[in-house]
Structure formats: structure tokens, C-alpha cells
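Numbering (the numbering used here), first residue to last: 143 to 782.
Think of the CB as a built atom: it goes at the ideal place given N, C-alpha and C, for glycine as much as any other residue.
Read the structure below first, then the notes.
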């Protein structure tokens, strides 16, 4: 396939011809204290190291250099909090000063280059300021989603061994105030490692009792510094910038490491080339800083590029209504919105006709980007129709830190194929492999794998666990990084990511994708969102079971909709799918980042012992699912 308007193929081919030259050219957009000895050292680390020998500072590139270039008055960060009724802006000069002051406090607390700092924050400016302050002095930050349970926070404290914790008295989830300090106290009591200090920002919505000798008042410490600041510290390009924990199959979270140099080069390249954002424009990633999107595209990439980032403390619905996103876009003249498909499914459920879209001036919005989970075609088409802008699905992982595949707006859009995030980005050479590593032909589904080396910005290892890094990603297919995502490539090189490999089910010898079934279910006019899982069956091995949430205002018998959904799947996929069981539910259980907890639902349906996931948004939803499953003769096992 060719496109006369896109430079994608030319750019991708230039990377394939000369990978090191490609990334050396991209690295010219970053300021370095010392240039690299090698663009890529193939003998360093597990799959090579990018910009080996170089020295740099990420906070300097995000802040100081823009001020030095005469752009200090430009807005760097907008804080919009419908839950507190607050809107606040920071210029690049102001944000640099805030970061430098907090960095001085960290130095006063004894934090040094290489030390770890846990950041346990809601979506407030201080979360981004904390990340950048750590980067400024070469400390390694580990952001933990604000409100995470004490046990989960304790495991992260024990693994990263922080010198200090930066937090606040509370977060706000919709209309609910969540006190953080009791969770921190319980986590530290539970943890083997004891941080020396906790720096606590007091918010008016909740008090925080400080432990003498350990806990310090944020504002008092800043005032004690009397405006003192520290400058950026030179670190190696290969030094860690942060550790971000992602759930692991063994129950122990995996600490994904991100380096400084390659991370900056990759993210800076994406802003003009993928997202088509110019310096000074407003880029809004509606994600929490606790997730990788919040790291890459709330904190780092927009500021590296000299754009304006938006920190939003609210929800897509309920703060106050399903027009919340449209209000923010209109008020702040947002050029591009980046969010998860689940946010749009929530909006679509509450406002199926998109009536609230018409209440706002969205003329500034050029593009909507979706990632974080599979973007079902029905949700994507709904967003296209209501917003009248390109809707770009793209695929990436916590481990990669930026898009593996997508439709690069800045290089010129390629033709959209619904259900595909489009094509691999420079740096990513994709193959589809069977269980033993054989290359599969176009259209044949298998595990999507990335040829080594991984590009700049991807994880070099897991924190303090090289062996787990190798066993998790590199050993299944020698010479490749296994994404653990199942899918296929078509004849035009478009990638289709259908499910996690453990969501591919085997029905009487037929390997079927639950993601493909979900695509079909979502086409039903009354379905707002859905999930399909495979449950054990003594005759066929596994059988698919569907769960559907209906659009607001649907007034029909659930059994009627269920029968229509079963027939729809039978008509589109055929009897081979053996799709016979559908359940209408009020809500689907999700993580706080919006991913549906299919694995836990599958354990429940199979009667296996299951544990309440640490990342769950609302534990009550799983109890509702369990009750529905029991009515159908499933889910006999209890929670452990």
C-alpha cells in the first residue's frame, strides 16, 4: 500500500537502512552535556544500550532550555480540577522554579543521584513537579498510583527501597475523598524497608497526622529553603530515570526501568512526527501519572517538546457529566487528546447520541488518540462521527514507553483500517510467531514479537531483576522481545492486536480470539461496552462467555438483548465460535487505567481461587459479576 500524502514509508525505510544514523539524527533535538561514544552499544545490557557514554539531564531538557531560549513566559502546564473547582497555569519559568525549589528540599533531605524516591500522588501539579525534581538531581522516581492499597505500596517500597516518599494528605475520586496518609503509614509499617522521610503536601479536604522525625510538611520545607534552588545534575544517558511497576503473572509486580537518554530521544521524536504537535500547542493526555501514559505524555514528552501539558483531576463522566472532556478541550484550546477507549465507552454509554458535544466549541481539536487497551471499531467510529476529527488508535506497552505501532499523523495519515493500530513505528520490526518461534504468514494469528534490539525509550531491564527480565521477555523467542500480545500482520504491513496471548481460547481445537468476538458484540446497537472470556468446558476445552453493558436509556428485557448478541456472533463468525452464553451486567470490572479485568473474571468463571486485584477501580463490581456468574452455575470458588 502506498500513500502519496504520507512520508511514513520513506521514514521507516530510512530507519531500516541505518538505525544508528536515524536515532543519531533524532538525538540532535536533545541537549547533551557530553555526546555518546556509541549511538548503540550492542554488547551492553541485554539487548544493547542507546547513547552509551553520553551525559544529559531530563529535567533540563524539559524546562531550563526552553527558558534559556526565551520561551519562559509560555504556558508549560495547565492544572484543571473539576473536583475542587480549580484551574491554575504555570509558565515554563514558573515551573522551572518550582521544580528547582523542590529539588533543593530533596537534597536537604539527603537524596542523592541514584537514590529512589516514591511518589504517591493524585493528579495535581505537584505530581509532575516531584517527577521533574527527582530527574533534576538524578534521583530515580517510582510513581505509585495514588490510593493504591497499603499492601501494594509496601511491595513497591521493599523492591525500590526509597530514601523518601513524596505524597499528599488525600486524593479525590469523583466525589469521594481518599485519605492517603493512613495508607502510607500502614504500608511503611508493613514494609521491611523504612524510608527516612515522608514529605506530605496538606490539602484542605483531609488532615494528615505527621509522624515526628519521619514526616515533614511540604510547604514548611519549601519555606525553610527560602527560595533556594539547585541546578540540573549531569547523569549518564544509560542511568535510570524512573522505575514503574506493572503487574506480573507471579503476583510480584515488575519494576520497569526507563533510562534517561534514549527515553528523551524517542519521546521528543514522537511529538512532531507521530502526534503532530508544535511547541506552544496544548497536548492533553487524560491519564494518571501512575500509569506509563502519564509518565510519557503528561510529564515528559510535551515538556521536552516545548508544548503545554494538561493535568486533569477528574473523570470522563460524573465530574460533572459526560461533557467533561468537551469542556476541557473548549476552555483550554486543546489541539490533541490522548485517552483510553474505555473513557469513550463511558461517555458513549451516558450520552449515546453525543448531544453534549454540541454544547462546546471543539474547533481547536485536530486529533483524538486512543491507547491503553484494544480500541474496538464501534467506539472508534462513534468518536469519529461525533468529533469529526481523525481518531488514531495506537498500540504500546508499559515496557516500551511509546507507540510500537500507530498511524503517524505528523508524517501524514495512512488509510485507516478499523481494528488495526496501523503500522510499526521506526525502531520496531515486527514478526508474528507460532508457539515454537516459526514465522507465520500474513493473516495468520500468533504472538507478535519485536526483533532485537528494542529502540530507544524501551526498558533496558527490570529493577534489580535481570533474570526475570530475560525470562519474561527474551527467552521464549531468541533474538526477539515477546510482547505477549496475540495478533497478525496483513499484506500491507498493518498489525492487528487481537488479545493478550492468554485471551486466545481453544474451542474444540479451533484457536479463536476473544477480541474478535468482542468486535462483533460491540456492533449491537444497545451495547455500550463488552468483554468476552474463555471458560473451561469438559467437552470442547474452552467456551466463550460474553458480558455486555447496555447504553443508557435502553428499556428492553436483558434476555432479549442476550439472544440477539448470540445470534450476531453466530452470523458473523459462525457456529465454530460456540458462542452461546451472554450476560447483561451493570458494569465491567476494570483497573484504574481502564483495562477490563478479564483474567480475574476468567478465574471466577472457572471456579478457581482468585484475589482482589490491587489495581481495581471498584471492588464491588467483582462481587456483582460473581453473583451473575453463580446464577449461571459458574464461579463456585471464593476469594483468597
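In whole angstroms, give me the CA-to-CA distance for residue i and residue j.
i	j	result
residue 196	residue 168	15 Å
residue 600	residue 212	32 Å
residue 459	residue 609	43 Å
residue 205	residue 689	47 Å
residue 287	residue 756	11 Å
residue 223	residue 731	25 Å
residue 722	residue 713	12 Å
residue 180	residue 192	8 Å
residue 445	residue 772	50 Å
residue 670	residue 490	7 Å
residue 719	residue 655	9 Å
residue 744	residue 260	33 Å
residue 134	residue 750	There is simply no residue 134 to check, as the chain begins at 143 and stops at 782 in what is shown.
residue 255	residue 281	5 Å
residue 387	residue 470	30 Å
residue 741	residue 748	11 Å
residue 485	residue 405	27 Å
residue 759	residue 210	43 Å
residue 524	residue 203	38 Å
residue 693	residue 668	6 Å
residue 634	residue 666	29 Å
Along the chain, where does the beta strand (DSSP E) that runs through residue i open and close?
i	result
residue 400	396-401
residue 447	Per DSSP, residue 447 belongs to no beta strand (DSSP E); it is in the alpha helix (DSSP H), 443-447.
residue 590	588-593
residue 670	669-679
residue 180	180-183
residue 318	318-321
residue 629	622-631
residue 533	533-535
residue 558	Run containing residue 558: none; DSSP gives neither H nor E here.
residue 642	637-642
residue 684	683-692
residue 573	572-575
residue 786	Since the first residue shown for the chain is 143 and the last is 782, residue 786 is missing from the structure and cannot be characterised.
residue 148	Premise fails: residue 148 is in no beta strand (DSSP E) and is neither H nor E.
residue 725	723-726
Does residue i pass the burial test, meaning 16 or more other C-beta atoms within 10 Å, or should it be called exposed?
i	result
residue 493	buried
residue 310	buried
residue 684	buried
residue 377	buried
residue 410	buried
residue 114	There is simply no residue 114 to check, as the chain begins at 143 and stops at 782 in what is shown.
residue 317	exposed
residue 584	exposed
residue 294	buried
residue 473	exposed
residue 728	exposed
residue 157	buried
residue 761	exposed
residue 208	buried
residue 701	exposed
residue 278	buried
residue 560	exposed
residue 481	buried
Between residue i and the rest of its own chain, which residues show a CB-CB distance below 6 Å, the 5 nearest in sequence each way excluded?
i	result
residue 391	Any reading at residue 391 needs caution, since the residue's pLDDT is 44, under 50, leaving its predicted position unreliable; the model's value is listed next. Closer than 6 Å at the Cβ level, and outside the excluded window around residue 391, lies no residue.
residue 408	544, 598, 599
residue 435	427, 429
residue 542	600
residue 343	268, 310, 360
residue 412	544
residue 273	283, 441
residue 144	Note that residue 144 has pLDDT 40, beneath the 50 cutoff, so the model's placement of it is unreliable and the number below is only indicative. Answer for residue 144: no residue qualifies.
residue 374	199, 201, 202, 278
Considering only residues of the same chain and omitting the five flanking positions on each side of residue i, which have a CB-CB separation below 8 Å?
i	result
residue 367	243, 246, 247, 250
residue 186	194, 380
Kindly examine the ligand ADP and report whether one of its heavy atoms sits closer than 7 Å to the Cβ of residue i.
i	result
residue 447	This structure does not include the ligand ADP; it has no bound ligands of any sort.
If I follow the unbroken alpha helix (DSSP H) through residue i, where does it start and stop?
i	result
residue 360	360-366
residue 162	161-168
residue 743	740-747
residue 370	Counting along the chain, residue 370 falls outside any alpha helix (DSSP H), and DSSP gives it neither H nor E.
residue 524	519-529
Quick one: what's got a C-beta closer than 7 Å to residue i's C-beta in the same chain, skipping five residues either side?
i	result
residue 275	241, 244, 245, 248
Quiz item: Mind pulling the beta strand (DSSP E) runs of 3 or more residues that sit fully within the stretch 432-508?
Solution: 450-454, 476-481
Quiz item: Which runs of the alpha helix (DSSP H) fall wholly inside the stretch 204-283 and span at least 4 residues, in chain order?
Solution: 234-250, 267-279
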